[in-house]
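Each residue of the sequence shown is one higher than the one before, counting from 1153 in the working numbering.
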Amino acid sequence: TELADLGAGRFPAWSPDGGKIAFISSGKIVVADWQSGGAVTIGDRANVYYPAWSPDGKMVAYSAREGDASYILYIYDIENNASKALMSGKIHLRCSFAPNGQWIAFHTILPELSSAAQIYAVNILESDGSVLCLSGENGEHRDPSWSR
């Protein structure tokens, strides 16, 4: 099988159906069809990191750097071509959708605790922005991943 050259990129993430791959190129999210090589840039943010697909393939969550020390967690709705901020005010990175698509787990770096990190989850169907701390005590808790 011959694969298309998708160019330089970082933080690749396969779509749930295996037909597309999201990655970061020049600070933007690119979604490419891995067989045809066709690619589109999605979202309107720059300085983005760590894309993660929703289980139904309709959304991509990501972190975007805002200012000097804040990374905001966003979700991008592919069908409506719109981004929505989920979490702001700290350093939120490496998100992962729950298998039911209702929750996103992510880690937050806590600079006040010498860069310790905690794992949190946010219900994306609720609009109040409340989160659950999943990792317990302060420590080096990073890169969450849900079981399938």
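Glycine included, every Cβ here is placed at the ideal spot set by N, Cα and C. Remember, predicted model here, so these are calculated numbers, not experimental data.
Of the residues assessed, residue 1183 falls on the buried side of the cut-off, its CB having 16 or more other CB atoms within 10 angstroms. Here residue 1275 carries a strand assignment [DSSP, helix/strand/coil]. Annotation for residue 1167: 1205, 1209 place their beta carbon closer than 6 Å to its own, counting only its chain and skipping 5 residues before and after. Contact between residue 1260 and residue 1243 holds, with the beta-carbon distance rounding to 6 Å and staying under 8 Å. Judged by DSSP in its simplified three-state form, residue 1227 adopts strand. Look at residue 1162 here: in three-state DSSP terms it is strand.
In summary, residue 1236 is exposed, with fewer than 16 beta-carbon neighbours lying within 10 Å of its beta-carbon over all protein chains present. Comparing alpha-carbon positions, the option among 1295, 1239, 1181 lying closest to residue 1196 turns out to be 1181. Secondary structure of residue 1198 (DSSP, three-state): coil. Closest in C-alpha terms to residue 1179, from the list 1201, 1186, 1171, comes 1201. According to DSSP, residue pairing for residue 1217 in a beta bridge involves 1223.
The C-beta distance from residue 1269 to residue 1247 rounds to 13 Å, too long to fall under 8 Å, and the pair is not in contact.
Assigned with DSSP and collapsed to three states, residue 1203 falls in strand.
Judged by DSSP in its simplified three-state form, residue 1180 adopts strand.
When secondary structure is reduced to three states using DSSP, residue 1270 falls in the strand class. For residue 1217, the CB contacts under 6 Å within the same chain, skipping 5 residues up- and downstream, are 1199, 1223 in chain order.
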